[in-house]
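Read the structure below first, then the notes.
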Amino acid sequence: MFTGNILNRIKYHFEEAEPYYIVLSVALMAGSCAGAFTLGCLSPELVAELSVIMSNYSNFMSNGSLVKDVFFEGIKGSLNLSLIIYVCSFTPLALASGVFVLSAKGFCIGFMAAGVLKCFALKNAALLLLQSAPCQLFSIAAIYLMSGVGTMNQKVHRSFFQNTILFILIYLIFILGTVCEVIIKC
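Everything in the sequence shown is counted per my numbering, starting at 16 for the first residue and increasing by one.
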């Protein structure tokens with residue numbers, strides 16, 4: 016009974032918020048394309064410098080030297096993104112904040128993927144991209160859910176307490192992505 020009620024609410028949410036999720040998906044794709052295009056427009060000298068930076072970072076991560084820093088920076092970054100969406104969920108800017116955050120996330124993903132493909136051999140590039148994909152999926156899913164819940168908050172009129180609990184639960188998915196990133200990269 017309880018599980019059926021939860022599943023019905025989830026189904027209702029996705030049916031009602033479908034247009035918003037389409038807009039968020041377009042924002043993520045546009046950001047990814049913009050990130051890849053930006054890297055493609057860089058001069059060969061900047062790409063060579065980027066390659067050195069990526070190699071150094073990859074070496075540091077394989078040695079396990081930056082584990083604690085990466086974990087805390089990931090938590091801090093995800094908390095900032097979550098707070099932006101959470102605060103905006105009480106205003107008419109809820110969808111705009113989700114579009115902005117997903118566009119920025121897409122830009123970073125597109126830039127990173129294009130940089131890895133341009134700076135490393137194909138075998139190494141595939142390994143690096145596969146390494147970062149699971150954690151990116153968790154964080155993107157969390158941003159999608161936060162944006163959808165925040166946008167629907169204007170329509171459903173959830174209480175402050177209900178909205179806060181939902182955001183905390185979704186933020187735990189974000190933290191899971193950060194933990195996954197640290198475990199995989201170290």
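Glycine residues also receive a C-beta, built at the ideal position from the N, C-alpha and C atoms.
- Just so you know, the alpha carbons of residue 132 and residue 89 end up roughly 23 angstroms apart.
- Where residue 53 is concerned, the enclosing alpha helix (DSSP H) starts and stops at 33–55.
- Counted as a single uninterrupted DSSP element, the stretch harbouring residue 105 is not any alpha helix (DSSP H), since DSSP gives it neither H nor E.
- By the Cβ-count criterion, residue 97 is buried, with 16 or more other Cβ atoms from all chains shown falling within 10 Å of its own Cβ.
- Residue 151 has its alpha-carbon roughly 21 angstroms from the corresponding atom of residue 111.
- Note on geometry: alpha-carbon atoms of residue 45 and residue 119 lie some 10 angstroms from one another.
- For residue 100, the closest alpha carbon among the candidates 193, 20, 191 and 179 is that of 179.
- 8 angstroms or more divides the Cβ of residue 141 from the Cβ of residue 54.
- Across the set 168, 187 and 66, the C-alpha of 168 shows the shortest separation from the C-alpha of residue 106.
- Excluding the 5 residues flanking it on each side, residue 65 has same chain C-beta neighbours closer than 7 angstroms at 130 and 134, in chain order.
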